[in-house]
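One line per chain: the protein sequences are W and Z, in this order.
Final position of the first sequence in my numbering is 277; the numbers increase by one with none missing.
Final position of the second sequence in my numbering is 554; the numbers increase by one with none missing.
Idealized CB from N, CA, C, for every residue including glycine.
Since this is a predicted model, take the numbers as computed values, not measurements.
Working notes, structure below.
There are 2 protein chains.
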Amino acid sequence: MGGRYRPEMTRAGLAPTHTVTAVDETGARREVRIAGERPLTLYVDKREIVTLMTLGAHPEALVLGYLRNQGFVEDLEEIVAVQVDWDVEAAVVVTRGGTRGWDERLARRTVTTGCGQGTVFGDLLARLRPVPEVTVRQSRIYALLERLAGHNEVYRSAGAVHGCALCRDDEILLFIEDVGRHNAVDAIAGHMWLEGIGGADKVFYTTGRLTSEMVIKVAQMGIPVLLSRSGITQMGLELARRTGVTLIGRAKGRHFLVYHGAERVILDAPPARARSA
Amino acid sequence: MGGRYRPEMTRAGLAPTHTVTAVDETGARREVRIAGERPLTLYVDKREIVTLMTLGAHPEALVLGYLRNQGFVEDLEEIVAVQVDWDVEAAVVVTRGGTRGWDERLARRTVTTGCGQGTVFGDLLARLRPVPEVTVRQSRIYALLERLAGHNEVYRSAGAVHGCALCRDDEILLFIEDVGRHNAVDAIAGHMWLEGIGGADKVFYTTGRLTSEMVIKVAQMGIPVLLSRSGITQMGLELARRTGVTLIGRAKGRHFLVYHGAERVILDAPPARARSA
């Protein structure tokens, strides 16, 4: 706990995978694991906000991160309690200030690209601040990618999930998977909020695509570097240019593409074939 | 046109990819293609409904499919016109009946798992009907997978998109990619609606995961077989059991796993090693 304020919270994390029987192409019955997916309806001061479809492994952090990333709550001390009860598939949040002034935000919806949610897009854009300017070394990117290869547990056993990681240098501070990528990001944001972890010296990794939503959330967390195994979209790139997020995609093995912020990536470990190129 | 009713529609499809310059791990500048991603705000009879983040290749069909899959409009003749104008990033829909009675539906939101959107989940579940019982032959699945390998154009050139296909036997009737998988599904639903194409004799293919949202939408379209390269989630499986959708995942090369409806899959082309198994 330390001296930090903490809301009253349940610890209602679910087992992420389930075993079911499937029939393969040879007709053989096989026990296979599949990813959990549960609806979790969020009520704040008895007001229904949204239903999130989630793996359910980190429901309290997910709810906190959702409220913060959606711009509903700025100060953790506003949150008195987060109670998750899977029997009724509900997360009940109690705040000090109540939900007055949430109406406009709740009225509008944006379906964001990558596993999107009802995001008040324009509003979020307006509140986006540039991230700190930091450099990142190629050698650390490679070291990080090697470490990350050891994660993705749910994905390896069941597939159907996205993984996100909060990293510092080549160290993985937090790795969270969920059936919805936006949930994995929100759960990480929730953890950072609870622990008072800043974003300025971090790298955010995702297995998923670098869409507008990912860049917005990473910028909201104040994280200057976004690293992904996947590709990017036009708006993801536009938002990186706007916020200064260094955008590194297609990162696999020794390969990557820097879509924005190349001047901040120090190529201190170019692959052998590089010099001959 | 034929004798079918058609709303007045623009044809405002955008080019799906854009060329940008990125820097690779060797420090070389490279021209690479990225997927487009544009916000498209949907107004129905001057009322703002939602903002969709989309590749923009099939905006009119997307809007129609969205309205239908969300349960807002049941009858195509309700739609007078669909006008898409990218200069203002708006899709303007004119209906005969107006948006009275949409309030409750617009008030609630579910963030579905796979590239989700504000779906009135419970309401959709209540309106789900079982799909027709049809058998599918392994040999046709293989033939279809071979044909599908030739698609995914945007994905191959730019990544960061999901592909969905409407198929009959081993024939690909429609293949649509989008940055949001839910958009690809909705655009296919919109095309089916416009052309009066039924789902009963179709197979729906997706590159993405078989989540609750995918199964719901395929069931809404009355398509009895859902085929994917990816894995499934717990709720995707539950909804397949509920609606009778045959769920075939992990379909790559000669491999697949039938998660639901194995009794309707005729194994007429088992791989060689099968018999020895």
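- Neighbours of Z/GLU308 in chain W, taken as residues whose beta carbon is under 9 Å from its own, are absent, since the nearest beta carbon is some 11 Å off.
- DSSP places W/TYR5 in no beta strand (DSSP E); its state is neither H nor E.
- In the three-state scheme derived from DSSP, where H, G and I count as helix and E and B as strand, Z/ASP362 is classed as strand.
- Within 8 Å of the CB of Z/PHE533, the CB atoms of chain W belong to ASP24, GLU25, in sequence order along the chain.
- W/VAL136 has a beta carbon lying at 9 Å or more from every beta carbon in chain Z.
- In the three-state reduction of the DSSP assignment, W/MET235 falls in the helix class, which pools H, G and I.
- Between the region 79–90 of chain W and the region 38–56 of chain W there are three or more C-beta pairs closer than 8 Å, enough to call the two in contact.
- W/PRO271 has no beta-bridge partner at all, per DSSP.
- Taking 9 Å as the CB threshold, Z/GLY440 stays off the interface with chain W.
- Between W/VAL131 and the set W/TYR5, W/LEU14, W/LEU247, W/GLY13, the nearest pair of CA atoms involves W/LEU247.
- For the region 182–267 of chain W, the full-length alpha helix (DSSP H) segments reaching 4 residues or more read 212–220, 234–243 along the chain.
- With distances taken between CA atoms, W/CYS164 lies nearest to W/LEU62 out of W/LEU62, W/TYR5, W/HIS18, W/ARG30.
- Taking the CA atoms as reference points, Z/TYR536 sits about 42 Å from W/ARG6.
- Assigned with DSSP and collapsed to three states, W/LEU144 falls in helix.
- Interface with chain Z (9 Å Cβ-Cβ cutoff): W/GLY236 is included.
- The bridge partners DSSP lists for W/VAL94 are W/ALA81.
- Annotation for W/THR95: VAL44, ASP45, VAL73, GLU78, ILE79, VAL80 place their beta carbon closer than 8 Å to its own, counting only its chain and skipping 5 residues before and after.
- Straight-line measurement puts the Cα of Z/GLY280 at about 50 Å from the Cα of W/GLU177.
- At a beta-carbon threshold of 8 Å, the residues of chain W lying near Z/THR488 are GLU37, MET53, ALA160, VAL179, ordered along the chain.
- In the three-state scheme derived from DSSP, where H, G and I count as helix and E and B as strand, Z/GLY342 is classed as helix.
- Three or more Cβ pairs closer than 8 Å define a contact, and the region 225–244 of chain W falls short of that threshold against the region 97–104 of chain W.
- With distances taken between CA atoms, Z/ARG518 lies nearest to Z/GLU540 out of Z/ARG527, Z/GLU540, Z/ILE465.
- Under the DSSP assignment, Z/VAL431 falls in the alpha helix (DSSP H) whose first and last residues are 430–435.
- Within the model, the alpha-carbon separation for Z/CYS444 versus W/LEU64 is close to 42 Å.
- Contact check between the region 202–217 of chain W and the region 21–29 of chain W: fewer than three CB pairs, one atom from each, fall below 8 Å, which does not count as touching.
- Annotated as proximal: W/THR10 and W/VAL82, with beta-carbon spacing under 9 Å.
- Within the region 501–512 of chain Z, the residues whose Cβ lies closer than 8 Å to some Cβ of chain W are SER507, GLY508, ILE509, THR510, GLN511, MET512, listed in chain order.
- Under the three-state reduction of DSSP, Z/ARG382 is assigned to helix.
- For the region 282–300 of chain Z, residues whose beta-carbon sits nearer than 7 Å to a beta-carbon of chain W comprise HIS295, VAL297, ALA299, VAL300.
- By the Cβ neighbour-count rule, W/LYS202 is buried, with 16 or more other Cβ atoms within 10 Å of its own.
- Residues LEU62, GLY65, TYR66, ASN69 of the same chain have their beta carbon placed closer than 7 Å to that of W/ASP186, with the five preceding and five following residues left out of the count.
- ARG209, LEU210, THR211, SER212, GLU213: these are the residues of the region 197–222 of chain W whose beta carbon lies less than 8 Å from some beta carbon of chain Z, given in chain order.
- With contacts defined by Cβ atoms closer than 9 Å, W/VAL154 and W/LEU55 form a contacting pair.
- The alpha-carbon of Z/ARG417 is positioned some 9 Å away from that of Z/GLU448.
- Rounded to the nearest angstrom, the gap between the Cα atoms of W/ARG129 and W/SER212 is 15 Å.
- Rounded to the nearest angstrom, the gap between the Cα atoms of Z/ASP545 and W/THR233 is 42 Å.
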